[in-house]
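Engineer: Encoded as structure tokens, here's the structure I'll be asking about.
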Amino acid sequence: MAKKKNTQKSTKATEFDLAIKVSDRVELESIRQLEGVFRLEDLNSEGKKYFTVVPETKVKVDKKNNKIFCFVGFSINTFFEHKQEQKKLACFESRYVLVYNIKSVEGLTAKNFDAFVKFNGVFNAWPYLREFMQTSTSRLSLPPLILPTYRYGMEFSKPTLSTTTKKTGRKKISTT
7 MAKKKNTQKS TKATEFDLAI KVSDRVELES IRQLEGVFRL EDLNSEGKKY FTVVPETKVK
67 VDKKNNKIFC FVGFSINTFF EHKQEQKKLA CFESRYVLVY NIKSVEGLTA KNFDAFVKFN
127 GVFNAWPYLR EFMQTSTSRL SLPPLILPTY RYGMEFSKPT LSTTTKKTGR KKISTT
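Shown next as structure tokens:
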């Protein structure tokens, strides 16, 4: 088991190194939300609340004009605990395109660009997703869901507990 963890860390470090080779050469030109949808699945929202985030990335490189187009999408599902089982409360989807100017693509491969969108694209789109989630949950008359600060290597697939603070009634996300 210990070898598997070390291999996973080694793979992340290698991907991170690949991404750095691109990030040293770019400047973010623009971020645009392409899509934002939400759907309330259940009116009952009593009980502990959880959420999952699934990122999806794709990259296109325009070598002629020295541009990188990073397409970053997020699917978020929120659940509540009801009678010892989790029921879906709401689902959200948000997609962005991030355009970067790159000084030179010389010496870079598809692996570099794939790693770059996975790390930098998700990192740069995350604050926009946080705002989308907070305003969307408010529009559904749910307490605002405030996503945690993004950190490289975050685990997206396991459900994260959302707790309400007693003083404000606002949502606080526990990442432990």
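Taking my numbering, I'd label the letters of the sequence shown as residues 7 to 182. Virtual Cβ for every residue (Gly too), placed ideally from N, Cα, C. The structure displayed is predicted, hence computed values, not measured ones.
(1) Following the continuous alpha helix (DSSP H) through N130, name the residue where it begins and the one where it ends.
(2) Whole angstroms are fine: how far does the CA of R38 sit from the CA of F98?
(3) Please list, in chain order, all residues of the same chain as S4 whose beta carbon is under 6 Å from its beta carbon, the five residues on each side excluded.
(4) Closest to T63 by C-alpha separation, out of D120, T166, Y156, D48, would be which residue?
(5) Answer with yes or no whether the minimum CB distance from E87 to chain D is below 8 Å.
(6) Pull up the distance between the alpha-carbon of R101 and that of G42, whole angstroms please.
(7) Could you pull out every residue in the same chain whose Cβ sits closer than 6 Å to the Cβ of F22, ignoring the five residues on either side in sequence?
Structural biologist: If we stick to the structure as given:
(1) 128-145
(2) Distance between the alpha carbons of F98 and R38 is about 17 Å.
(3) Outside the shown range of the chain (7 to 182) lies residue 4, about which nothing can therefore be said.
(4) D120
(5) Here chain D cannot be found, since the structure has a single protein chain.
(6) 7 Å
(7) none
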